[in-house]
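Residue numbers (the working numbering): 12 to 335.
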DNA sequence: CATCAGGGCCCTG
DNA sequence: CAGGGCCCTGAT
């Protein structure tokens, strides 16, 4: 039986993101798999965080508007945190949720674009968040490979139950990720028992790379796109698809778009051409239309359709492409 | 009941 | 550089 770690200490402060900032579409992404490490409802968001080996609960509450954004942040912890550490957490959250990223140029440039015009109005202030660290994101991407959403959730839950920790804060119980060392030391057999299949080796080898400090996320943030991509591709179990995602999601690169997976291709094809076209054709269209903003444009268009579905719009062709 | 493909990747030829 | 095989699961 796993014990629950109760986080009783809390500290609240107010964050002011750069405007425009839309709370809901920035803290939650409906195209992502439902992660057992976070919980969202309108105007509120909770997630766990392992940061510098402290286990934390994070809560965001919307206290502002798109043009006058204000977030009440509450940090839950087991023991009291000092101000310096709180500041580091805030900096990290700013990075992960793109709170201080100015994308006004993007908004100005494409306000008359055929595809972006309605989206920039409806989703005005949407950011591209990634609540997880690089290591955690890699773990998730391994479970996404060659699996349906349901199976991904099953694998992640099994892993979190066995290697993670259940945290309780603000009446929520959510899992937090394990340290890389923990899985680096485990056996393939033990992982297979969690129904992860052939991914066992990938978890172990990537965890080893992190445990041995072969990869430094903070250093990578200050290198080039090529360097990050190459480093990712060296990891066992990471190919073009996952490496590209890391650039956008973890490193917030809004420009690089050099690969589109088949299922995303089908969806984007339908939206832009209303028929199935090749990956190459989509890539060329994005390059031509959006230039150095092509990746951000891609996520805006892609995420928008998932929000429309979440908000009750019936999109029959989309249902077929999302397998649960 | 059997067969199959899935929100990729590695490895082989 | 194309294609088979991979763990497991739910769909058919």
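For glycine and all other residues, C-beta sits at the position ideal for the given N, C-alpha and C.
Sorting 132, 243, 313, 204 by C-alpha distance to the C-alpha of residue 31 places 132 at the top.
The alpha-carbon separation between residue 277 and residue 157 amounts to approximately 17 Å. Your pair residue 176 and residue 186 checks out as a contact, with CB atoms roughly 7 Å apart and the cut at 8 Å. A distance below 8 Å between beta-carbons, with the five flanking residues on each side excluded, links residue 237 to no residue of its chain.
Note that the segment 35-42 touches the segment 125-144; at least 3 beta-carbon pairs, one per stretch, sit closer than 8 Å. Between residue 51 and residue 68, the C-beta gap is not smaller than 8 Å, which leaves the two residues out of contact.
Contact annotation: residue 149 and residue 28 have beta-carbon atoms that are not nearer than 8 Å. In the three-state reduction of the DSSP assignment, residue 259 falls in the helix class, which pools H, G and I. When Cβ pairs closer than 8 Å are counted between the two stretches, the segment 305-316 is seen to touch the segment 114-128, the count reaching three or more. A Cβ-Cβ distance of about 16 Å is found for the pair residue 318 and residue 281, leaving them out of contact under the 8 Å criterion. Inter-residue distance for residue 74 and residue 247 is about 43 Å (C-alpha atoms, whole angstroms).
In this structure, the beta-carbon distance from residue 239 to residue 258 falls below 8 Å.
Residue burial is scored here from C-beta neighbours: residue 332 has fewer than 16 other C-beta atoms within 10 angstroms and is therefore classed as exposed. In the three-state scheme derived from DSSP, where H, G and I count as helix and E and B as strand, residue 164 is classed as helix. A Cβ-Cβ distance of about 5 Å is found for the pair residue 213 and residue 153, placing them in contact under the 8 Å criterion. Sequence-distant Cβ neighbours of residue 168 in its own chain, meaning closer than 6 Å and more than five residues away, are 47. When beta bridges are read from the DSSP output, residue 301 appears opposite no residue. Per DSSP, reduced to three states, the secondary structure at residue 71 is strand.
Excluding its 5 nearest sequence neighbours in each direction, residue 81 has C-beta neighbours in its own chain below 7 Å: 25, 27, 74, 75, listed in chain order. According to DSSP, residue pairing for residue 183 in a beta bridge involves 180.
Per DSSP, the beta bridge partners of residue 62 are 65. For residue 108, the three-state secondary structure derived from DSSP is coil.
Residue environment: residue 245 is assigned as exposed (fewer than 16 neighbouring CB atoms within 10 Å of its CB, all protein chains considered).
By alpha-carbon distance to residue 162, the top candidate from 21, 294, 44 is 44.
Comparing C-alpha distances from residue 99 to each of 136, 77, 60 shows the shortest one belongs to 60.
Exposure of residue 23 is indicated by the presence of fewer than 16 other C-beta atoms within 10 angstroms of its C-beta.
CA-to-CA, the gap between residue 250 and residue 95 works out to about 38 Å. For residue 85, the uninterrupted beta strand (DSSP E) run begins and ends at 82-88, by DSSP.
For residue 154, the enclosing alpha helix (DSSP H) has its first and last residue at 145-155. Going by DSSP, residue 15 is part of the beta strand (DSSP E) stretching over 15-17.
Rounded to the nearest whole angstrom, the CA to CA distance from residue 97 to residue 322 is 35 Å.
The beta-carbon separation of residue 229 and residue 242, rounded to 13 Å, does not stay under the 8 Å limit for a contact. In this structure, DSSP gives residue 330 a helical state, which the three-state scheme calls helix.
Your pair residue 254 and residue 219 does not check out as a contact, with CB atoms roughly 18 Å apart and the cut at 8 Å.
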